[in-house]
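Data first, discussion second: the structure below is written as structure tokens.
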Amino acid sequence: MRVILMTGKGGVGKTSVAAATGLRCAELGYRTLVLSTDPAHSLADSFDLDLGHNPRQVRPNLWGAELDALLELEGNWGAVKRYITQVLQARGLDGVQAEELAILPGMDEIFGLVRMKRHYDEGEFDVLIIDSAPTGTALRLLSLPEVSGWYMRRFYKPLQKMSVALRPLVEPLFRPIAGFSLPDKEVMDAPYEFYEQIEALEKVLTDNMQTSVRLVTNPEKMVLKESLRAHAYLSLYNVATDLVVANRIIPEEVQDPFFQRWKENQQQYRHEIHENFRPLPVKEVPLYSEELCGLAALERLKDTLYKDEDPTQVYYKETTVRIIQDNNQYSLELYLPGIAKDNIQLSKTGDELNITIGNHRRNLVLPQALAALQPAGAKMEEDYLKIRFADSVRT
1 MRVILMTGKG
11 GVGKTSVAAA
21 TGLRCAELGY
31 RTLVLSTDPA
41 HSLADSFDLD
51 LGHNPRQVRP
61 NLWGAELDAL
71 LELEGNWGAV
81 KRYITQVLQA
91 RGLDGVQAEE
101 LAILPGMDEI
111 FGLVRMKRHY
121 DEGEFDVLII
131 DSAPTGTALR
141 LLSLPEVSGW
151 YMRRFYKPLQ
161 KMSVALRPLV
171 EPLFRPIAGF
181 SLPDKEVMDA
191 PYEFYEQIEA
201 LEKVLTDNMQ
211 TSVRLVTNPE
221 KMVLKESLRA
231 HAYLSLYNVA
241 TDLVVANRII
251 PEEVQDPFFQ
261 RWKENQQQYR
271 HEIHENFRPL
281 PVKEVPLYSE
291 ELCGLAALER
301 LKDTLYKDED
311 PTQVYYKETT
321 VRIIQDNNQY
331 SLELYLPGIA
341 KDNIQLSKTG
351 DELNITIGNH
361 RRNLVLPQAL
371 AALQPAGAKM
381 EEDYLKIRFA
391 DSVRT
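Going by full-length UniProt numbering, the sequence shown opens with residue 1, and the numbers climb by one from there.
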């Protein structure tokens, strides 16, 4: 299955681009599902059709769906939902409030990944296009496999074993005081089962011939800055970007003096988009005179974006992580475009290299060849962070 994730700052038009990409894929004969994982769904508005949690056919070979976190929680994590609801009701919340609050922060992202994994396993579709949340939420979603693995290995697994062992002893004393029971084995097992699914999906997300992120941006300063940061952070998580879509460019034929300053600013930022994202290909899309809602409008966007192209192609093969061996010395190279070395913090714990950039952190499990070595220096060169490893005894 080909997986294409559309992301970008809120309001840049990624939903329209996702829907138009789905139209072209279906036109080429691929069984295509466009899935919205953004809590503020707009995919149904883009297609101008009613969409729900389950895929609905939009036209031949094309289906659309909008993730409903409540339904996903009930269908896949029912025991946990019932337990969280029980705890909240014991603290005085009524049934409706408890049901709503049973979806804890971050669960939308988890269920988005699980839904992706389910479609991948079922193999019903040839192409899965994800209309993801704005970049910040999308990055949390893509970092979940690695972050959840870190917590599961260090905290959850020991806690799970301890809980199962102590529950029969503590439960008689706990329930009369707290008003609810301790979590049973079914509840404790559910998060780890989810982690195993997410861990398996990580191999799909980091395969740059199978999964690509497409960044949708506008020729505006704040949008461009966020897009550049997103590209670097995606590389940090070993997720490849293969295309940038510069959307809502004022056409040359617009000569109204009101838009002259806008056109001049856009010209500058269009140049920066091409330069800063090089060597990624950039597709430019004009600002249309009508709202892009409904299949007729999306057809126009589809023709502008792809013409006779196949959107499932890999437009650029981006290598985000590579290991170089030279004369029995190793270096790990991470593609971090636009990030200054001073903004990167490195540390090593056991067989993990901890990389922090701003509020994004990756715990990279090192291959065996590097796990026994220590970082001996790092430098930024051609957008790659090059970390040299050496035997700690020699250094």
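Beta carbons: idealized from backbone N, C-alpha and C, even for Gly.
Item: Please state if the CB of Ala230 and the CB of Pro337 are separated by a distance shorter than 7 Å.; Value: no
Item: In angstroms, rounded to a whole number, what distance separates the CA positions of Arg388 and Met380?; Value: 12 Å
Item: My output table needs one value for Cys25: the three-state DSSP class, helix, strand or coil.; Value: helix
Item: Contact defined as beta carbons within less than 8 Å: I believe Lys302 pairs with Leu243. What is the distance between those atoms, to the nearest angstrom?; Value: Between Leu243 and Lys302 the Cβ distance is about 15 Å, and since that is not below 8 Å, they are no contact.
Item: By the DSSP assignment, the alpha helix (DSSP H) with Gln313 in it spans what residues?; Value: Unbroken run through Gln313: none, as it is neither H nor E.
Item: Taking all protein chains shown into account, decide if Val393 is buried (16 or more other Cβ within 10 angstroms of its Cβ) or exposed.; Value: For Val393, the pLDDT reaches just 48, beneath the cut-off of 50, and the residue's location in the model is therefore unreliable, leaving the point undetermined.
Item: Beta strand (DSSP E) containing Asp326: first to last residue?; Value: Val321 to Asp326
Item: Going by the CB atoms, is the gap between Ser16 and Asp131 shorter than 7 Å?; Value: no
Item: I need the DSSP call for Pro342, collapsed to helix, strand or coil.; Value: Checking the sequence shown, residue 342 turns out to be Asp, not Pro. Reduced to three states, the DSSP call for Asp342 is helix.
Item: Can you list, in chain order, the stretches of the beta strand (DSSP E) that have 3 or more residues and sit fully within the stretch 217-263?; Value: 241-249
Item: Given a cut-off of 7 Å on the beta-carbon distance, is the pair Phe47 and Ala26 in contact?; Value: no
Item: Taking the beta carbon of Lys9 as the centre, do at least 16 other beta carbons fall within 10 Å, making it buried, or is it exposed?; Value: buried
Item: Take every Cβ of the stretch 363-382, pair it with every Cβ of the stretch 338-355, and state whether three or more of those distances are shorter than 8 Å.; Value: yes
Item: Short of 7 Å in beta carbon distance, which residues of its chain neighbour Gly13, apart from the five on each side in sequence? Order them along the chain.; Value: Val216, Asn247 and Arg248
Item: Find out if the Cβ-Cβ distance for the pair Leu280, Tyr306 is shorter than 7 Å.; Value: no
Item: With DSSP collapsed to three states, give me the class of Met116.; Value: helix
Item: First and last residue of the alpha helix (DSSP H) that includes Val44?; Value: Reading off the sequence shown, one finds Ala at residue 44, where the question assumed Val. First-last of the alpha helix (DSSP H) with Ala44: Leu43 to Phe47.
Item: For Leu128 versus Leu33, is the C-beta spacing smaller than 7 Å?; Value: yes
Item: Can you tell me which of the three DSSP states Ser16 falls into?; Value: helix
Item: So for Phe389, helix, strand or coil by DSSP?; Value: strand
Item: Using a threshold of 7 Å, state whether the C-beta atoms of Pro55 and Ala65 are closer than that.; Value: yes
Item: According to DSSP, what are the bridge partners of Ala378?; Value: Ile387
Item: Should Thr395 go down as buried or exposed, given a rule of 16 or more other Cβ atoms within 10 Å for buried?; Value: Residue placement at Thr395 cannot be trusted, given a pLDDT of 43 that sits under 50; the coordinates are not used to answer.
Item: At the level of alpha carbons, what is the spacing between Pro367 and Leu353?; Value: 10 Å
Item: Using three-state DSSP, classify Ala40 as helix, strand or coil.; Value: coil
Item: Taking 7 Å as the threshold (C-beta atoms), are Thr211 and Val3 in contact?; Value: yes
Item: For my contact list, Gln329 and Ala390 are in at a C-beta cut-off of 8 Å; report their separation, rounded to the angstrom.; Value: 7 Å
Item: For Thr7, does the count of other Cβ atoms within 10 angstroms reach 16, so buried, or fall short, so exposed?; Value: buried
Item: Please list the terminal residues of the continuous beta strand (DSSP E) segment that includes Asp68.; Value: Taken as a continuous stretch (DSSP letters only), Asp68 belongs to no beta strand (DSSP E), as it is neither H nor E.
Item: Check Asp131 in the structure and name its three-state DSSP category.; Value: strand
Item: With H, G and I counted as helix, E and B as strand and the rest as coil, what does DSSP make of His274?; Value: helix
Item: By a C-beta neighbour count over all protein chains shown, 10 Å radius and 16 as the cutoff for buried, is Arg214 buried or exposed?; Value: buried
Item: What are the boundary residues of the beta strand (DSSP E) that includes Tyr330?; Value: Gln329 to Tyr335
Item: Quick one: Cα of His1 to Cα of Phe259, how far?; Value: Checking the sequence, you will find Met at residue 1 rather than His. Distance between the alpha carbons of Met1 and Phe259 is about 43 Å.
Item: Nearest to Ala296 by alpha carbon, out of Arg31, Arg59 and Gln267?; Value: Arg59
Item: Could you tell me which of Leu332, Thr320, Ile357 and Asp351 sits nearest to Ala340, measuring between CA atoms?; Value: Ile357
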